[in-house]
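The block underneath contains the structure these notes are about, expressed in structure tokens.
Protein chains: 2
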Amino acid sequence: PRETGVPPEPVEGSPRVAQIMRFGFPGLDNIRSHKDYIISYDKRNRVPHWVFEHLTRDSCQRTEGVDRANSDFKVDESIHPFFQSSNKDYKYSGFDRGHMAPAGNHRNDQQMCNETFLLSNMAPQVGKGFNRDKWENLERYVRKMTKLYRNVYVCTGPLYLPHMEQDGKMYVKYQVIGQNNVSVPTHFFKVVVGETDSKDLEMEAFVLPNQEIPDNTPLDNFRVPPDSVERAAGLLFFDRLSREKLSRVNGQKTGKSW
Amino acid sequence: PRETGVPPEPVEGSPRVAQIMRFGFPGLDNIRSHKDYIISYDKRNRVPHWVFEHLTRDSCQRTEGVDRANSDFKVDESIHPFFQSSNKDYKYSGFDRGHMAPAGNHRNDQQMCNETFLLSNMAPQVGKGFNRDKWENLERYVRKMTKLYRNVYVCTGPLYLPHMEQDGKMYVKYQVIGQNNVSVPTHFFKVVVGETDSKDLEMEAFVLPNQEIPDNTPLDNFRVPPDSVERAAGLLFFDRLSREKLSRVNGQKTGKSW
Ligand SMILES: [Mg+2]
Ligand SMILES: [Mg+2]
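Those sequence lines, one after another, are chains A and B. Quick note: the first sequence, position 71, residue 916 per this note's numbering, numbers continuous. Quick note: the second sequence, position 247, residue 1092 per this note's numbering, numbers continuous.
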């Protein structure tokens, strides 16, 4: 059950994990703390369950000399070999190695940037029209929120959504790639909380299909009620933060139905 | 990484969870301890990740008056409402509410039996030819092992196995039922360790498809290498027990390839 208050902003110098996870863990399965993001890894699907980031204007600053070109896509050796994904799984699959925690959010130092290139942080994404386009737009939109909000907290992950087939029944279907059967999610989500200087809290939630999306499709089209993502993902987002404390959800004043 | 020894038999009077989980947890996601079995619940799929039982001749004895007819299929209220399954999900679905920890293993007292009827312990199973037939044969086979072995440890759960389609690509596809989108697994596994009075340890592993199976199909046809189940399930079974300490795997002396 959700708590009823607003956990205070951790004091400066608090462990980074306490800052990033201030509003609660979406789940507790197989968690790893990196320097600037936290991940729960899905050992069955060989992709993340979720990754969590805390963004500020400062944390998104690029330090001179930090460059994603210096980072290599690397097997995460902290994962048991049975459950790792490898570069070979993605090669010739037709899918990009899509960052869940984007490199562009972690340019303070090279190690932070490198850690986003661990293959445990990847899921297979359609390249053109998605990873390199609409999904990247959404990443950029979230990063830009740091210009308006003191703190931005974002949880990102894959979904495997059902669809109805001709027999009238509902099915989940997704491709798996490579020798390690890396799952190709049908959709991806981002659930974001922004906190203003005056401690106003707002939440936004997006679900995008893992497919080529026309460039002129507005991001607003992909807004969804946060609880629909929770049900589909099997996760609870920001559950230490009472939903009643949010002044807006998806840009709408709360108290309305959303 | 697996450990190298054999954890000793917990002394009599040890907590039941220490006895059941003697050889290690297959995973650590969302675990609940019941009186006579342990479960890890899959909040996304609304079925177990795995259930774990420890069977002995005594534990399988039926106490006079204990009867599964006194047990009701009940929603597990300890699960967040977003992730529960309900009787309504199964009704008219065409699938049985298939016990992962079978009622027949827990007849020492009525509460133990009742706890196996929590819907969190269920997954949708084909009824005729599977839940009521071949899968039940396997449950009976495991229970009968207690006549030969001092201790029987068994882990049971669902699988979602990929298949190749005409386009040459691999896909995972499974039905979901009811308003809660309860997943219908493609297969189910049991991985069993038996320990003899002379402390010989043997392992067996079975994977059965969730479909009508002809009655004359021998259970032996469904034996698989334990590590193939581990890779597919994203779990490690009996990982506190060194595989080198096993005298047999699937009835074959070890040292051979299996
Ligand atoms: Mg990307
Ligand atoms: Mg049954």
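Don't be surprised by glycine CBs; every beta carbon is placed ideally from N, CA and C.
- The contact set of A1078 (chain B) on chain A, defined by CB atoms closer than 7 Å, consists of R889 in chain order.
- In this chain, D921 (chain A) is not harboured by any alpha helix (DSSP H), its DSSP state being neither H nor E.
- By the Cβ criterion, the segment 981-993 of chain A is not in contact with the segment 956-972 of chain A, since fewer than three pairs of Cβ atoms, one from each stretch, lie closer than 8 Å.
- Under the three-pair Cβ rule at 8 Å, the segment 927-943 of chain A does not count as touching the segment 860-870 of chain A.
- Interface flag for N1026 (chain B) against chain A is set, since a Cβ pair is found closer than 8 Å.
- Assigned with DSSP and collapsed to three states, S931 (chain B) falls in coil, not helix or strand.
- At the C-beta level, V1094 (chain A) and P1003 (chain A) stay beyond 8 Å of one another.
- Checking the DSSP bridge columns, you'll see D941 (chain B) partnered with B:Q970.
- The beta carbon of F927 (chain B) sits closer than 8 Å to some beta carbon of chain A.
- As computed with DSSP, H925 (chain A) is found in no beta bridge at all.
- Going by DSSP, L1053 (chain B) is part of the beta strand (DSSP E) stretching over L1046 to P1054.
- Contact note: M1015 (chain A) reaches chain B through Q1020, V1021, I1022 and N1026, using a C-beta cutoff of 8 Å and chain order.
- Classified as buried, A1050 (chain B) has 16 or more neighbouring CB atoms from the shown chains inside 10 Å of its CB.
- One Cα belongs to Y1016 (chain A), the other to V1021 (chain B), and the distance between them is close to 6 Å.
- In the pairwise beta carbon analysis, the segment 906-926 of chain B is classified as not touching the segment 1058-1071 of chain B: fewer than three pairs are separated by under 8 Å.
- In chain order, V1021 and N1026 make up the part of chain B whose C-beta sits under 7 Å from the C-beta of P1007 (chain A).
- When the beta-carbon positions are compared, S916 (chain B) and A948 (chain B) come within less than 8 Å of each other.
- Taking the Cα positions, R1088 (chain B) is about 21 Å away from Q929 (chain A).
- Close CB contacts of F897 (chain A) within its chain, under the 7 Å cut and outside five residues either way in sequence, are with I865, M866, Y882, I883 and C1000 (chain order).
- Out of B:Q1097, B:K1090, B:S1092 and B:G1079, the CA that lies nearest to the CA of L873 (chain B) is found in B:G1079.
- Close to chain A, meaning a Cβ-Cβ distance shorter than 8 Å, are the following residues of the segment 1046-1078 of chain B: D1072, E1075, R1076, A1077 and A1078.
- Shown here, G850 (chain A) sits in coil according to DSSP, grouped into three states, outside any helix or strand.
- Within the segment 859-890 of chain A, the residues whose Cβ lies closer than 8 Å to any Cβ of chain B are, in chain order, G872, L873, D874, N875, D887, K888, R889 and N890.
- Within the same chain, and ignoring the five residues on either side of N982 (chain B) in sequence, the residues whose Cβ sits closer than 7 Å to its Cβ are L1064.
- Closest in C-alpha terms to T901 (chain B), from the list B:Q1024, B:H925 and B:V987, comes B:V987.
- Between N996 (chain A) and E1047 (chain A), the CB-CB gap reaches or exceeds 8 Å.
- Proximity to G850 (chain A) across A:K1044, A:N1066 and A:V1069 peaks at A:K1044, based on C-alpha coordinates.
- Residue-level contact check: L1086 (chain B) does not touch chain A, since none of the beta carbons of chain A fall below 8 Å from its beta carbon.
- Here Y1019 (chain A) really is in contact with P1030 (chain A); their C-beta atoms are around 7 Å apart, less than 8 Å.
- Using a Cβ-Cβ cut-off of 8 Å, L1091 (chain A) does not count as an interface residue toward chain B, since no Cβ of chain B sits closer than that to its own.
- At a C-beta separation below 8 Å, L1081 (chain B) has these neighbours in chain A: H925 and F927.
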